[in-house]
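The structure under discussion appears below in the form of structure tokens.
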Amino acid sequence: MNNITLKEYQQKITDKIFERADEFLKNFDGASFKKILFRAPTGSGKTVMMSAIIERLAIESQENLAFVWISKGVLAQQSKESLEENIGGGAVTMSFLEDILDNEIKENEVLFINWEQIFSKAGKDNPDKDIKKGDPINKFMKDNEYDRNLRKFCEIAQGEGRKLVLIVDESHLNVTENTIQIIEEIIKPALQIDLTATPKNGGGYAFGDREGEFVDLQTVKDAQVIKKEVIINPEILEKDLKSEKSGDQIIFEEALKRRVQLEKLYQKECSKVRPLVLVQLPNESEKMSSLDKDKKAWVEEFLDDRGFNYANKNLARWLSGDEKENLEDIKNFDSQVDFLIFKQVVATGWDCPRAHILVKFRQTNSEIFEIQTVGRIMRMPEFHHYNEEALNRAYVYANLEEIKIEEDALEYLKVRKAERIQDYENLDLPSVYLMRGEYNDLMLDYRKYFFTEFMEKIGGKLDEKEAKKNSMLLRKYQSADGSSLIFDGNRIEERIIVDGLVRDIDSENQDILADEKNKVKVDDEEIERKFISFLKKNCGEFQQARSFDKIRVAIYQTFDRYLDNKNLDKAVVQKIVLKNQGFFQSVIAESVKKYAEHRNKVAKKYKEIPAWNVPIEDYYAKNTIMAEYKKCVMAPVYVSPKWKTEIGFIENYLSNNERISWWFKNGDARNEIYFGVPYLDEKEKSATFYPDFVVRYKDGRTGIFDTEGRSEE
0 MNNITLKEYQ QKITDKIFER ADEFLKNFDG ASFKKILFRA PTGSGKTVMM
50 SAIIERLAIE SQENLAFVWI SKGVLAQQSK ESLEENIGGG AVTMSFLEDI
100 LDNEIKENEV LFINWEQIFS KAGKDNPDKD IKKGDPINKF MKDNEYDRNL
150 RKFCEIAQGE GRKLVLIVDE SHLNVTENTI QIIEEIIKPA LQIDLTATPK
200 NGGGYAFGDR EGEFVDLQTV KDAQVIKKEV IINPEILEKD LKSEKSGDQI
250 IFEEALKRRV QLEKLYQKEC SKVRPLVLVQ LPNESEKMSS LDKDKKAWVE
300 EFLDDRGFNY ANKNLARWLS GDEKENLEDI KNFDSQVDFL IFKQVVATGW
350 DCPRAHILVK FRQTNSEIFE IQTVGRIMRM PEFHHYNEEA LNRAYVYANL
400 EEIKIEEDAL EYLKVRKAER IQDYENLDLP SVYLMRGEYN DLMLDYRKYF
450 FTEFMEKIGG KLDEKEAKKN SMLLRKYQSA DGSSLIFDGN RIEERIIVDG
500 LVRDIDSENQ DILADEKNKV KVDDEEIERK FISFLKKNCG EFQQARSFDK
550 IRVAIYQTFD RYLDNKNLDK AVVQKIVLKN QGFFQSVIAE SVKKYAEHRN
600 KVAKKYKEIP AWNVPIEDYY AKNTIMAEYK KCVMAPVYVS PKWKTEIGFI
650 ENYLSNNERI SWWFKNGDAR NEIYFGVPYL DEKEKSATFY PDFVVRYKDG
700 RTGIFDTEGR SEE
């Protein structure tokens, strides 16, 4: 891809979905289409992964394809911008309805449709309700004398033999009984891909709804893409609760203190990230109600008293309509904006990885925590977890009497705090934490090896200021046999058989060869395929499908940065590479070899923890329950109803055993605050085993127990 590098789990699932999608498209009978569920947790990078799938289908599939991407509200614009950033400038083009040329969706074009703009005013937030009202309001949904409408765009594309791939973003919101009618009667896709973290409908998928066919939450946490957990209202003191302060004031003051703490911890980590606080106003209605305005004024006054305001550029707002301020650089890690006041418009799809704290106010209707809102503060800004554990958690401060958490958000939100008992004596057990080992891929840091090898080969310097000189050296370069490189970026030709004759169809070993003089121009799409094929063949020991793109990016950036060719079309670069395959093959082979040597040297994966102890505090999910079990080192005791075997072990052995001083239920997530034991798995690869229990006996012994049968005392 042009501008992104996929994580291991992202590459795995995109490989699977691409292969199945390509298979379904090849076998499409023109009538019944297959559906794929692309299910991945909020914060896992669904749009990035979908970009990769679209690009691979556009480049690698033999089918004539176009794409229709339906979203809701501002998410349509955000998705288009994301795809343009990820894969723009290549084989794929992006358009809205008004951008369509010649009344057809062109090959490898992605048409973005805002579902809300198609149907009438009655239920802007509810496509199903809109359609029940009847008439479309968007001119591109109505018949007109110019045939410029969605139905005609699709019909003409399909008449050209083009198969439409429909991507339904946030499908749990956008697929209803009535919107299905539009899909089946107007769009008529050859394949539908439902993109969501929270699937709602009852199946019917050819791929994606079975174990191993989707991305699970723990995998994304392990990849350090999102934070480990979300904590609600931590460490609010009893004296504050009994004071004359309002609930809003208490939670806001706590949020301010937390932001200051996090900023100092980022500085301690030598990071430029400045944490952002999201302040969500009550969402009583789409327009600003009097309650909204009162709360907004209160928030602005509260912050202004502490030096945060629009004039100082450290306060921003994103409300209904055009009421936006100080949003220009808000996504930058070093942005001076510390607080953003927003409504529900930000909850779905908006991405600002430095957002770390969410403040929510009480509203009149019941409060439900939706995972899309929580997702705004779940992302890790620099795609790795930090040594300071507080930076690996997201924080919600909410003036709410009761919080109802959607089932899909339960794993994210931890609202119950337990603390280690006061008379705990340190165990200092040796423990390990398995750091993420990279997949067998070339990663983005491969580029510097390519840059270095390229410059060494031509005698140039790895310095952008030397770009013109490097370009001259490249043109003067001669191979061992004295031949120079070819810089003609014009047509590439290949031989073609003309007037071939088979005299005996049953005769074996006939070779019918093209004459050297009979050549045809290779079109740009075929050149790109040949270019990618060349790159894949030269990935060395690394996985081709996930590595060729790193070589492609390295080549493009070499021309762009170090050869004074900033505006050189990528198609021209591809032709230069294909006309000088020996030279580039040599550079790639040597740089890949050196990169492999580097990777092997830094392959240590374990972080050793020489003196592990029970954590001072731990947080438990909303779906855990408080229990009265004795001898637990954490108080209060929280257990999950899912712990069937573990609860039996607690009740039958731990809780009433007079030989035991205390016991600790070890975490089952891969987290360095829990006790880990190293081992080699069945493939002889390093892994970490997290036993269920650590037990301290009165005679000084320590027991490590696992309820699945692997236990030792």
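So in numbering that gives the first Met the number 0, spot 84 of the sequence shown is number 83, and the numbers just go up one at a time. From the three backbone atoms N, C-alpha and C, an ideal C-beta is built for every residue, glycine too. Please read these numbers as outputs of a predicted model, since none were measured by experiment.
Alpha-carbon to alpha-carbon, residue j and residue i
i	j	result
Glu366	Ile231	Any reading at Glu366 must be qualified, since the residue scores a pLDDT of 49, below 50, and its modelled position is unreliable; the value itself is stated next. Cα-Cα distance, rounded: 14 Å.
Asp698	Arg658	8 Å
Glu268	Glu387	8 Å
Leu426	Arg598	36 Å
Gln739	Glu455	The question about residue 739 has no answer, for the chain in this structure spans 0 to 712.
Ser685	Val431	11 Å
Thr716	Asp337	No answer is possible for residue 716: it lies beyond the span of the chain, which begins at 0 and ends at 712.
Ser270	Ile608	24 Å
Leu264	Ala610	23 Å
Asp127	Thr178	Note that Asp127 scores 41 on pLDDT, short of 50, meaning its location in the model is unreliable; the coordinates nonetheless yield the value given after this. Their backbone Cα atoms lie some 6 Å apart in a straight line.
Ile587	Val552	12 Å
Gln191	Leu64	13 Å
Lys664	Tyr385	24 Å
Lys11	Ile35	16 Å
Pro614	Gly647	24 Å
Phe32	Leu74	26 Å
Ser483	Asp568	22 Å
Arg38	Glu540	31 Å
Thr216	Pro690	Thr is not the amino acid found at residue 216; the sequence shown has Leu there. So the alpha carbons of these two residues sit roughly 20 Å apart.
Arg316	Leu326	7 Å
Tyr561	Asn612	52 Å
Tyr696	Gly207	47 Å
Assigned secondary structure, residue i (DSSP; H/G/I helix, E/B strand, else coil)
i	result
Asn113	strand
Gly702	strand
Thr557	helix
Leu190	strand
Glu184	helix
Leu264	helix
Ser43	coil
Met471	helix
Ile130	Any answer about Ile130 is weak, because its pLDDT of 40 lies below 50 and its placement is not dependable; what the coordinates show is given next. In the structure shown, Ile130 sits in a helix (DSSP, three-state: H, G or I).
Glu707	coil
Glu54	helix
Lys536	helix
Phe152	helix
Met93	strand
Glu387	coil
Ser242	coil
Ile526	helix
Trp349	coil
Cβ-Cβ separation, residue j to residue i (assumed contact under 8 Å), whole Å
i	j	result
Met49	Leu194	6 Å
Pro380	Phe307	Wrong, their Cβ atoms sit about 21 Å apart, outside the cutoff.
Lys460	Asn469	7 Å
Cys153	Lys105	Between Lys105 and Cys153 the Cβ distance is about 12 Å, and since that is not below 8 Å, they are no contact.
Val676	Thr687	7 Å
Lys342	Leu280	5 Å
Thr218	Tyr396	Actually they do not touch by this definition, with Cβ atoms about 29 Å apart.
Gly753	Arg305	In the structure as shown, the chain starts at 0 and stops at 712, and residue 753 therefore has no counterpart that could be examined.
Val214	Pro40	6 Å
Ile185	Arg150	5 Å
Ala417	Tyr637	6 Å
Phe715	Trp661	Any answer about residue 715 is impossible in this case: the structure gives the chain only from 0 up to 712.
Ile550	Phe449	7 Å
Bridge-paired residues (DSSP) for residue i
i	result
Arg419	Met633
Glu607	Val431
Ile659	Tyr696
Gln477	Ser483
Tyr394	Ile230 and Ile356
Asp168	Leu194
Thr687	Pro677
Q) With a cut-off of 8 Å, do at least 3 Cβ pairs link the stretch 24-32 to the stretch 245-254? A) no
Q. Would you call the stretch 181-197 and the stretch 83-97 touching, i.e. three or more CB-CB distances under 8 Å?
A. no
(Q) Is it the case that the stretch 212-232 contacts the stretch 53-61, given that we only count it when at least three CB pairs across the two stretches are under 8 Å? (A) no
Q) When the Cβ atoms of the stretch 210-228 are set against those of the stretch 70-84, are three or more pairs found closer than 8 Å? A) no
Q.
Is it the case that the stretch 254-266 contacts the stretch 350-360, given that we only count it when at least three CB pairs across the two stretches are under 8 Å?
A. yes
Q) How about the stretch 649-656 and the stretch 617-631: do they share at least three Cβ pairs that are nearer than 8 Å? A) yes
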